[in-house]
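> For my numbering, count along the sequence shown from 1 and bump the result up by 5. Below: one structure in C-alpha cells.
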Amino acid sequence: MRWAAAIHLVRRSLCVTFAGALFTALAFGAQAPRKLPVRSIPHPAHPKLVVMIVVDQMRGDYVDKFRGQWTGGLKRLVEEGAWFREAAYPYAATETCVGHATISTGTFPAAHGMIANAWWDRDQQKMVTCTSDPNAKNVAYAGGSTKGGDSAVRMQLPSFAEELKFQTGGATRVVTFSLKASAAITLAGHKADAVTWLDTGTGAWVTSSAYGTMPFVEEFVKKHPLSEDFGKTWSLSLPESAYFYDEKATGAAPPGEWSLSFPHLLRGKEGSASADEVFVEQWTSSPFADTYLTRMVEAAIDSLGLGKAGGTDYLGVSYSTVDYVGHAYGPRSREIQDILVRLDKDLGELLAHLDQKVGRGNYIVALSADHGVVPVPEDMAKTGVDAGVLRVPDLQERMENALEPFNYTKPAIARMGEGNVYFSPGIYGRLKQDPAALRAVVDAALTQPGVAAVYRAEDLSGAGLSSSQIRTALTLNYFPGRSGDLFFVPKPYWLVGGSPAGKRGGSGTGHGTPYNYDQHVPLLLLGYGIQPGQYFAAVTPADIAPTFAALCGITLATRDGRILAEALHTRVSK
C-alpha cells in the first residue's frame with residue numbers, strides 16, 4: 006500500500022532510537038539503581054460509542070474561513086479536539102461514495118473497489134451505481150414509496166463498523182443515517198442494525214432488505230413527516246454585514262425554482278399547496294434537512310440506548326446538505342456560509358445530547374468530509390485564472406472522429422464519465438495493437454479545451470508510486486475491471502460537465518479531480534483517548550478507521566491509513 010514505505014521508515018527510526026537508549030542504559034548501568042514509583046496500569050478500556058460524522062463536500066479551508074462565526078458543535082470540535090489541518094485524499098476520484106468508503110474501511114479505492122459514485126459495468130453494458138444490488142430490495146418507512154435495491158455488495162472490504170461488531174462477538178450495534186444511500190451504506194458496511202437514507206425522488210425514508218427495518222425509525226418518520234417543513238423559509242441567520250460574499254453567487258444554478266438570493270422559500274412548485282417533488286429538492290438543499298437528520302440521530306441514541314450496552318456501539322451520520330448547496334451556489338456563497346453556521350448549531354445539540362446520554366469522555370467522535378469542491382468556473386475566471394467547463398460530450402465526439410480514418414465501428418466509446426473512458430467491446434484490445442489509431446485518439450483528447458492529460462490503464466495497473474502526483478492519484482484510484490480503458494484529467498479550475506457546448510448544465514460547480522481544492526478536507530477528533538491540539542502532519546481520512554480500531558482494540562483486515570498516534574494519550578491510574 007502507498008503508506009507502507011513511510012510506515013517502515015517510522016518504525017526503523019523508532020528501532021534505532023530504542024537501540025540507542027538501550028546502549029546508554031547499559032553503559033551507565035554501574036550506577037546504583039534508583040527506586041521508581043510504581044503505577045498500576047488498568048486493563049485498557051474502550052469507548053462506549055464511536056461516532057463518525059461526515060459533512061459532504063466540506064472543504065478543509067472552510068474551518069479557517071468560518072470558524073469565527075461558529076458557536077456550537079463545529080466550534081467545540083475545533084477548540085476542544087484534535088484538528089489535523091493538512092488532511093487530504095491522495096487519490097483522483099474525490100466523490101461521495103469513494104470518500105465514505107475510504108473513511109469506513111481505512112483503505113483507498115484501489116483496495117476497497119468503490120472507484121466512483123457510478124461506473125460502466127462491462128458485462129451488463131450499462132452504468133451501475135456504487136451501491137446498486139440486484140439481489141436486494143429497498144423498503145420505505147411510514148407507507149412511503151421507493152424502488153430498486155441497494156447494499157454494500159460492491160465494496161470489496163469490510164468496514165471498521167463490521168470488524169468492530171464481528172470481533173466483539175456481536176455486542177456492537179451499527180447504526181447509520183444520511184440523505185444519500187451511497188453515504189449511509191458505505192459508512193455501515195455489508196451488515197448493520199439500522200441503515201437509513203432518503204429516497205430523494207419520492208421523499209420517503211428507506212432502508213434495504215440487506216439490513217432490515219427498525220421500529221424507532223418507523224415511529225419517528227410517522228411522527229415527523231417532511232411535509233412539516235413545507236412553507237418554511239430559509240433566511241440569513243447572521244447580520245448581512247457578517248457575510249463574506251456577494252448577495253448573488255456568480256455562476257450559481259439554484260435548485261428547485263429558487264432564486265440567486267435570500268430568502269429561499271420551501272413551497273414546492275409555484276402555486277403548490279402541499280409538498281411535492283420540487284419541495285423535496287428544496288428541502289434537501291436547506292438547513293431544515295440537517296436539523297431533521299440530527300433529531301433522527303438523537304432518536305436512535307435514545308431508542309437503542311447507544312453507548313449503554315456491553316460492547317462499543319457505532320453511529321455514523323453523513324450530512325449531505327452542504328454538498329447540495331455547494332453544487333448549486335459554489336464555495337464562495339452566502340448559502341455555504343449560512344448552512345455551516347446552522348450545521349454548527351445542530352452539531353452542538355448532538356454533542357450535548359451525547360454528553361447527557363452517553364457521558365462526556367465515554368465516546369469518541371471524528372468529523373471529516375468525503376471531498377471538497379472546485380470554485381464555480383465563472384467566478385474563478387474573474388481573477389484572470391484559466392478556468393472553464395470541460396464538455397464531456399464534445400470530448401467524446403472528438404475522440405470518435407479521430408478513429409474514423411482507421412475504420413473503427415461507431416460508437417467506439419461505450420461510455421465516458423468520472424474521468425474514465427470505456428470503449429465498446431473489443432475496441433480497446435484492437436487499439437492496443439494499433440499504435441497509430443491509439444495515438445490519434447489520445448491526441449484528439451488532448452486538443453479538447455480543459456484536458457490536461459490522458460493516461461492508459463496500462464500506465465496505472467500494477468504501477469508503483471510515481472513522481473507525478475496526478476499519476477499517483479490515478480493509480481490509487483485504479484481497480485481492474487471497474488476502471489476505464491483511458492483516463493482524462495481536467496486542467497486545474499476546469500469543471501467536468503455533462504452538457505455540450507452552448508448549454509449551461511444543471512449545477513454551478515462540482516468535484517472529482519486530483520487537485521487540492523477537491524482533496525483537502527477537515528479531520529477533527531474529540532473525546533475518548535484524544536489529545537486536543539492542532540496537528541500539521543500530512544494525513545488522510547483513511548487514518549480514521551485505524552485510529553478507531555486502535556482505541557477499540559480490534560484489527561482491520563488491511564489498511565492504507567495509519568493510527569494517528571500523535572493525537573492519542575495513554576490513560577493510567579494515579
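Glycine is no exception: its CB is placed at the ideal position from the N, C-alpha and C atoms. Just so it is clear, the structure is predicted and the values come from calculations on it, not from any experiment.
Here's the rule: buried if 16 or more other CB atoms are within 10 angstroms of the residue's CB, otherwise exposed. What is L203?
Along the sequence shown, one-based indexing puts residue 203 at 198. When all chains shown are included, L203 counts as buried.
> Take the Cβ of P485 as the centre, count every other Cβ of all protein chains shown within 10 Å, and call the residue buried at 16 or more, exposed below.
Taking the first residue of the sequence shown as 1, we reach residue 485 at position 480. Classification for P485: exposed.
> Measuring straight from C-alpha to C-alpha, what distance separates N140 and S308?
Here residue 140 refers to the residue found at position 135 when the sequence shown is read from its first residue. Here residue 308 refers to the residue found at position 303 when the sequence shown is read from its first residue. Approximately 30 Å between the Cα atoms of the pair.
> Exposed or buried, V574, counting other C-beta atoms within 10 Å across all chains shown (16 or more means buried)?
Mapped onto the sequence shown, residue 574 falls at position 569. Checking the sequence, you will find His at residue 574 rather than Val. Per the 10 Å Cβ criterion, exposed.
> Could you tell me which residues DSSP puts in a beta bridge with Y460?
Against the sequence shown, residue 460 aligns to sequence position 455. DSSP, once it has assigned bridges, lists F492 as partnering Y460.
> Looking at the unbroken beta strand (DSSP E) that takes in M63, where does it start and where does it end?
What you label residue 63 is simply residue 58 of the sequence shown in a count that begins at 1. That residue, M63, is in no beta strand (DSSP E); it is neither H nor E in DSSP.
> What does the alpha-carbon distance come out to for the pair A123 and W75?
Position 118 of the sequence shown, counted from the first residue, corresponds to residue 123. Position 70 of the sequence shown, counted from the first residue, corresponds to residue 75. Roughly 35 Å between the two C-alpha positions.
> So V211 packs on T151, CB below 8 Å; how close in whole Å?
Residue numbering aside, residue 211 sits at position 206 when the sequence shown is read from its first letter. Residue numbering aside, residue 151 sits at position 146 when the sequence shown is read from its first letter. At roughly 5 Å, the Cβ-Cβ gap stays under 8 Å, so V211 and T151 are in contact.
> Tell me, which residues are paired with D126 by DSSP?
On the sequence shown, position 121 is the one that residue 126 refers to. DSSP output for D126 lists K131 as bridge partner(s).
> Helix or strand or just coil, what does DSSP make of T255?
Taking the sequence shown and counting its residues from 1, the one referred to as residue 255 is at position 250. If DSSP states are grouped into helix, strand and coil, T255 belongs with coil.
> Could you name the residues that DSSP lists as bridge partners for G393?
Looking up residue 393 in the sequence shown gives position 388. Looking at the DSSP assignment, G393 forms a beta bridge with W499.
> Looking only at C-alpha atoms, which of P454, A209, G174, I549 sits nearest to E571?
Along the sequence shown, read from residue 1 onward, the residue named residue 571 stands at position 566. Residue I549 is the option with its Cα nearest to E571.
> Determine, using beta carbons only, whether G77 and G353 come nearer to each other than 7 Å.
Along the sequence shown, read from residue 1 onward, the residue named residue 77 stands at position 72. Along the sequence shown, read from residue 1 onward, the residue named residue 353 stands at position 348. A distance below 7 Å separates the beta carbons of G77 and G353.
> From this set, A115, H195, E223, which residue's C-alpha is nearest A478's C-alpha?
For this step, residue 478 is matched to residue 473 along the sequence shown. When only C-alpha atoms are compared, the closest one is A115.
> Please look up how many angstroms separate the CB atoms of M57 and G321, rounded, as I've assumed it's under 8 Å.
Numbered from its first residue, the sequence shown carries residue 57 at position 52. Numbered from its first residue, the sequence shown carries residue 321 at position 316. About 4 Å; that satisfies the 8 Å criterion.
> Buried or exposed: which applies to A543, given that a residue is buried once 16 or more other Cβ atoms fall within 10 Å of its Cβ?
In the sequence shown, residue 543 corresponds to position 538, counting from 1. Exposed, by the Cβ-count rule.
> Leaving out five residues before and five after S242 in sequence, what residues of the same chain have Cβ atoms less than 7 Å from its Cβ?
One-based indexing of the sequence shown puts residue 242 at position 237. Closer than 7 Å at Cβ, skipping near neighbours: D343, V346, R347.
> So what does F428 bridge to, in DSSP terms?
The residue labelled residue 428 in the question sits at position 423 within the sequence shown. Here F428 is bridged, per DSSP, to I418.
> Starting from A515 and walking both ways along the beta strand (DSSP E), at which residues does that stretch end?
Counted from its first residue, the sequence shown places residue 515 at position 510. Correcting the residue identity first, residue 515 is Gly in this sequence and not Ala. Element bounds for G515: n/a, residue is neither H nor E.
> Is Q539 helix, strand or coil by DSSP?
As a working mapping, residue 539 is identified with position 534 in the sequence shown. Here Q539 sits in strand by DSSP.
> Looking only at DSSP bridge pairs, what is S213 linked to?
In the sequence shown, counting from the first residue as 1, residue 213 sits at position 208. According to DSSP, which records beta bridges pairwise, S213 is partnered with N143.
> Can you tell me whether L561 is helix, strand or coil according to DSSP?
To locate residue 561, count along the sequence shown from 1; it is residue 556. If DSSP states are grouped into helix, strand and coil, L561 belongs with coil.
> If I measure Cβ to Cβ from I568 and keep anything under 6 Å in the same chain, skipping five residues before and after, which residues do I get?
Counting from one through the sequence shown, the residue named residue 568 turns up at place 563. The residues are P551, T552, A555.
> Roughly how far, in whole angstroms, is the beta-carbon of G532 from the beta-carbon of G366, given that I think they are within contact range, below 8 Å?
Position 527 of the sequence shown, counting from 1, holds the residue named residue 532. Position 361 of the sequence shown, counting from 1, holds the residue named residue 366. With 8 Å as the limit, G532 and G366 qualify as a contact, their Cβ atoms being about 6 Å apart.
> Give me the DSSP bridge partner(s) of S137.
Locating residue 137 in the sequence shown gives position 132, where the first residue counts as 1. Answer by DSSP bridge pairing, in chain order: D155.
> Taking 7 Å as the cut-off, decide whether the C-beta atoms of L528 and A92 are in contact.
Along the sequence shown, read from residue 1 onward, the residue named residue 528 stands at position 523. Along the sequence shown, read from residue 1 onward, the residue named residue 92 stands at position 87. It is a contact, given that the beta carbons lie within the stated cut-off.
> Which residue's Cα is closest to the Cα of T218: S290, Y540, K80, A145?
Indexing the sequence shown from 1 puts residue 218 at position 213. Selected option, being the one with the closest Cα: A145.
> Specify the secondary structure class of D523 as computed by DSSP and reduced to three states.
The count along the sequence shown starts at 1 and reaches residue 523 at position 518. Here D523 sits in helix by DSSP.
> Where does P430 land, buried or exposed, given buried means 16+ other C-beta within 10 angstroms?
The sequence position of residue 430 within the sequence shown is 425, counting from 1. Exposed, by the Cβ-count rule.
> Confirm the yes/no value for this check: CB of W125, any heavy atom of the ligand ADP, distance under 6 Å.
Although the ligand ADP was asked about, the structure shown includes no ligands whatsoever.
> Note down the Cα distance separating T560 from T110, rounded to an integer number of angstroms.
Sequence index remark: in the sequence shown, residue 560 carries index 555 (1-based). Sequence index remark: in the sequence shown, residue 110 carries index 105 (1-based). Rounded to whole angstroms, T560 to T110 spans 11 Å at the Cα level.
> Report the residue from E84, D66, L54, T112 whose alpha carbon sits nearest the alpha carbon of Q539.
By one-based count along the sequence shown, residue 539 stands at place 534. Per the Cα distances, E84.
> Per DSSP, what kind of secondary structure is E275 in: helix, strand or coil?
For the purposes of this step, residue 275 is taken as residue 270 along the sequence shown, with counting starting at 1. Looking at E275 - three-state DSSP - the assignment turns out to be coil, as it is neither helix nor strand.
> Give the secondary structure of E571 by DSSP, where H, G and I count as helix, E and B as strand, and everything else as coil.
The residue given as residue 571 occupies position 566 in the sequence shown. It is helical.
> Can you tell me where the beta strand (DSSP E) with T201 in it begins and where it stops?
Numbered from its first residue, the sequence shown carries residue 201 at position 196. Counted as a single uninterrupted DSSP element, the beta strand (DSSP E) harbouring T201 occupies residues 199-204.
> For G321, list the residues DSSP reports as bridge partners.
Taking the first residue of the sequence shown as 1, we reach residue 321 at position 316. BP columns for G321 point to M57, T181.
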